[in-house]
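Each remark here refers to the structure printed beneath this line.
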Amino acid sequence: NVVDQVISRIKDEERIVLGMSPEGTRKKVEHWKTGFYRIAEGAGIPIVPTALDYSKKTIEFFSPFLLTGDQESDILHLKQLFQGVTPRYPAKY
């Protein structure tokens, strides 16, 4: 299980940064996969949402987000952060 392997690796390291590509980078999706959430929850680490806004040519780092345990609510909150951000391929987002 990849999620468990990543959690184990994170716990083995004193310091680590894990970057994951967002949904919709290769094709449009209806729902986000939850592996990123399960990794953060299992490792006890925050999520630092990051947006590449192609219309503004900027990278935005949002505040670290500590999970509440309510996955549906947390993911809704994360999705709302990206409102107004223009992806490289808007038709795929």
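Residue numbers for the sequence shown follow the working numbering, beginning at 16 and rising by one.
Glycine included, C-beta positions come from ideal geometry on N, C-alpha and C.
Computed from a predicted model, the values in this text were never measured in an experiment.
- V100 places its beta carbon less than 9 angstroms from that of L67.
- Where F51 is concerned, the enclosing alpha helix (DSSP H) starts and stops at G50 to A58.
- Beta-bridge annotation (DSSP): I74 is paired with L67.
- Taking C-beta separations shorter than 8 angstroms and ignoring five residues to either side along the sequence, the partners of S70 in its chain run T101, following chain order.
- Here the alpha carbons of E29 and K42 stand approximately 35 angstroms from one another.
- With contacts defined by Cβ atoms closer than 9 angstroms, P79 and I62 form a contacting pair.
- Under the DSSP assignment, L96 falls in the alpha helix (DSSP H) whose first and last residues are Q86 to L96.
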